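Here the protein sequences come in this chain order: A and B.
Residues 44 to 143 in this note's numbering are what the first sequence spells out, letter by letter.
Residues 224 to 477 in this note's numbering are what the second sequence spells out, letter by letter.
Idealized CB from N, CA, C, for every residue including glycine.
Bear in mind the structure is a predicted one, so any value in this text is a computation, not a measurement.
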Amino acid sequence: MDGGTVHRPAPGVVETELDGRVAAYAPATDQVVVLSDTATSLWRLLRAGPHTLDDLVRDLADQYRIAPGEIRADVAGALEQLETAGLLVPAARPDATRRR
Amino acid sequence: MTAPTRLLVRAIGVTTRLDVEDPVVASRLADLLAGLGVERAALDGPADVVVPASRGGERGRAAALTRALAEVNVRTVTRTPFLCGHSAVVARPNGALVVLGASGQGKSTVTAALVSRGWRYLSDEALVLPWDGGDAVPYARPLALSRWSALATGTDGGVLGDDETYHLPETRHDEPARVRDVVLLDRPAGAPAMVQEHRAVALEQLVRRAFTLHRDPGSALLRYASLLRESRVWRLVPGPPLDTADLLGHACAG
């Protein structure tokens, strides 16, 4: 997965949270999915604003105080699952997209 | 040739016109469907379900009965205006218990055992909820039990179907009931056991088993989540049916 592509929640997604996990309905795929803990963490970040894979890895590594290299594959996998479920769409990269 | 008997079956917002050519089968169906609401009616307009005269004596009647019950059920749970999903539901004065599991996993057996332990019957087929909130609505179709399940739960009598007997429990809960506990059925083991389960796992199962989800999946998701927030969720490893019912009765008492 391209680490520089910007992702954001797809329009029309209906979501709710239950005991710390997000469940969501994606109109694009007509699927209801209950997210894993990792995907829930990702989703919360993406709800706050568009992120690239690199952004997500960096933020989650900060959050959980682990090396980015250790979580990159998991984050990429979860991101792919969210995309496949129709919960995410690629977003145009605005100038304001955070880069550190 | 005599005219068929027209039965009007009214349940959870769906009316089914059922024409039954064998009067014995018609009489049995009328008794078994009493928990849903059934009346004899004039042959006015086309039927939704036709049950042809059975051949082969009692065996043919049993097959006709099974087919008729299945057709009425499928028609009802897929056309109901309620949010409706595959579950068993029983109740006590302090609230209802929903049992979630795949077909053939033992929902009806657990339900029959609970009924024989004093729980009131709402359904062995469907959790029926108003979309905009409110309690679980009864859908008291007859319980379908294998010979083993009937014996193991002390459920006597019944009407013979294809591979099972049908029983309409006398202790039914005729009013909507507030869901208090949700149980996910696991594979059976020697002794029954229960542990608390994550609500999100139950949400996944409720969504997967919903018959009418397609009407408004987003609202269904929110409705089920709201129900689960107010419920306790358990995973149940069933054992002998009556022991399992006793365990459930104890765990869900508090």
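Between B:H390 and B:T378 the beta-carbon gap is near 6 Å, inside 8 Å, which marks them as a contact.
Taken in chain order, the complete alpha helix (DSSP H) segments of 4 residues or longer contained in the segment 351-393 of chain B are 370-375. With 16 or more other CB atoms across the displayed protein chains lying within 10 angstroms of its CB, A:A67 is buried.
Residues are counted here when their Cβ sits less than 7 Å from a Cβ of chain B; for the segment 47-65 of chain A these are V57, T59, L61, D62, R64, given in chain order. In the DSSP assignment, B:S346 falls outside any alpha helix (DSSP H) and lies within the beta strand (DSSP E) extending over 343-346. Contact between the segment 290-297 of chain B and the segment 316-333 of chain B is absent: fewer than three C-beta pairs spanning the two stretches fall below 8 Å. Collapsing the DSSP output to three states places B:V424 in a helix. In the structure shown, the three-state DSSP call for B:H396 is coil. In the three-state DSSP reduction, A:T72 falls in the coil class, being neither helix nor strand. Beta-bridge partners assigned by DSSP to A:P52: A:L131.
Annotation: A:A119 to B:R298 spans about 44 Å, alpha carbon to alpha carbon.
Under the three-state reduction of DSSP, B:Q328 is assigned to coil, being neither helix nor strand. Remark: C-beta atoms of B:A400 and B:D347 do not approach each other more closely than 7 Å. Taking C-alpha positions only, B:A265 is separated from B:L241 by approximately 11 Å.
The closest CA to that of A:A134, considering only A:T72, A:R64, A:D80, A:L89, is found on A:L89. The residues V338, Y344, L366, in chain order, have a CB closer than 7 Å to that of B:P392 in the same chain once the five nearest residues on each side in sequence are set aside.
For the pair of segments examined, the segment 243-250 of chain B was found not to touch the segment 310-319 of chain B: the number of CB pairs separated by less than 8 Å stays below three. Taking a cut-off of 8 Å for Cβ pairs, the segment 448-459 of chain B and the segment 79-86 of chain A do not touch, as fewer than three such pairs fall below it. Using beta-carbon distances, B:H309 does not count as an interface residue toward chain A, since no partner is under 7 Å.
Taking a Cβ-Cβ threshold of 7 Å, the residues of chain A close to B:P440 are Y68, D73, V75, in chain order. Distances from the alpha-carbon of B:L259 to those of B:A412, B:S442, B:T238 put B:T238 closest. At least one C-beta of chain A is nearer than 7 Å to the C-beta of B:L445.
Take the alpha-carbon of B:G472 and the one of B:R403: they are about 13 Å apart. A residue is called buried once 16 or more other Cβ atoms fall within 10 Å of its Cβ, and A:Q106, having fewer, is exposed. Nearest to A:A69 by alpha-carbon distance, out of B:P464, B:P227, B:G477, B:P440, is B:P440.
Just so you know, the alpha carbons of A:D45 and A:L122 end up roughly 11 Å apart.
Residues of chain A whose Cβ lies closer than 7 Å to the Cβ of B:H421 are, in chain order, D62. The continuous alpha helix (DSSP H) containing B:T299 extends over residues 280-302. Using beta-carbon distances, B:A375 does not count as an interface residue toward chain A, since no partner is under 7 Å. Under the Cβ criterion of 7 Å, B:A416 is not counted among the residues facing chain A. Here the alpha carbon of B:V272 sits roughly 14 Å from the alpha carbon of B:R263. Here B:F434 is not near B:V351, since their CB atoms are 7 Å or more apart. Residue pairing by DSSP places A:H94 opposite A:H50 in a beta bridge. Apart from the 5 residues on each side of it in sequence, A:Q74 sits with its Cβ closer than 8 Å to the Cβ of Y68, A128, G129 in its chain, given in chain order. Counted as a single uninterrupted DSSP element, the stretch harbouring B:H309 is not any alpha helix (DSSP H) but the beta strand (DSSP E) occupying residues 306-309.
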